[in-house]
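Heads up, the sequence shown is in full-length UniProt numbering, so the first residue is 1 and it goes up one at a time. Cβ coordinates follow ideal geometry from the N, Cα and C atoms, glycine included.
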Amino acid sequence: MNSEEHHTMLSEFIKSIAFKRQHITKLFQKGDEVEVASQVYGFIGSYYEATIISPIGAYHYKIKYKTLLTDDESAPLEEMVSAAVIRPVPPHQDKTMSENGFRLYDMVDVFANDGWWFGFISGKIGEEYYVYFPTTADNIAYPRHVLRYHQEWANGKWIYLPKTRN
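Here you go:
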């Protein structure tokens with residue numbers, strides 16, 4: 001498979017994950033730390049850190065974002081969201097994983113614009129990694145410290161997506 005085919009295959013795979021809704025496999029309690037998937041056009045594929053304020057019925061929660069603010073920027077944004085867009089915070093990754101460096105086509109999350117964005121490593125120049133985001137078609141350079149390996153919440157547990165090598 002050539003580089004262009006590889007790029008296309010990964011882009012389609014990431015889009016399929018970014019647009020999926022979580023199967024409800026975990027009930028959250030007041031105070032639980034979570035990540036909430038954005039359903040807003042232009043922000044699909046991003047997750048925002050939040051805290052559960054309270055359950056609302058069987059399939060919704062009131063949450064408070066850690067990094068998103070109200071329109072007047074006076075307080076953290078609170079909203080009601082479907083359980084299908086909430087996942088637990090991924091487990092902390094061993095620091096040595098990213099210290100050894102990311103490789104071409106590794107699937108990663110980038111902390112940018114107040115949230116975690118899902119993409120893959122498309123290149124490296126110096127100390128900066130280029131990350132391609134299939135949902136926005138952006139290719140942007142980032143320092144290593146804002147990257148983490150992508151993990152997917154599936155069937156009630158965390159899985160690392162396979163790392164693809166050249």
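Tell me whether residue i sits in a helix, a strand or coil according to DSSP, three-state version.
i, result
"Val34", "strand"
"His150", "coil"
For residue i and residue j, what's the separation of their Cα atoms in angstroms?
i, j, result
"Asn166", "Thr135", "Residue confidence for Asn166 is low, a pLDDT of 48 falling below 50, so the modelled location carries little weight; the figure read from the coordinates is stated next. So the alpha carbons of these two residues sit roughly 23 angstroms apart."
"Ile63", "Ala37", "12 angstroms"
"Val40", "Ile125", "32 angstroms"
"Ala154", "Phe120", "20 angstroms"
"Tyr61", "Val34", "11 angstroms"
"Asp32", "Pro90", "13 angstroms"
"residue 172", "Glu127", "As shown, the chain starts at 1 and ends at 166. That puts residue 172 outside it, with no answer to give."
"Phe102", "Tyr132", "14 angstroms"
"residue 191", "Asn113", "Residue numbering for the chain in the displayed model covers 1 to 166; residue 191 lies beyond these limits and cannot be assessed."
"Ser54", "Ser74", "22 angstroms"
"Leu104", "Gly57", "44 angstroms"
"Gln93", "Glu49", "16 angstroms"
Taking 8 angstroms as the threshold (C-beta atoms), are residue j and residue i in contact?
i, j, result
"Ile52", "Lys30", "yes"
"Tyr47", "Ala83", "no"
"Tyr149", "Ala141", "no"
"Val146", "Phe111", "yes"
"Phe118", "Gly45", "yes"
"Trp116", "Asp106", "no"
Is it the case that the segment 60-71 contacts the segment 134-154, given that we only count it when at least three CB pairs across the two stretches are under 8 angstroms?
Verdict: no, contact absent.
Which runs of the alpha helix (DSSP H) spanning at least 4 residues fall entirely within the segment 68-137, listed in chain order?
Those alpha helix (DSSP H) runs which fall completely within the segment 68-137 and span 4+ residues are 95-99.
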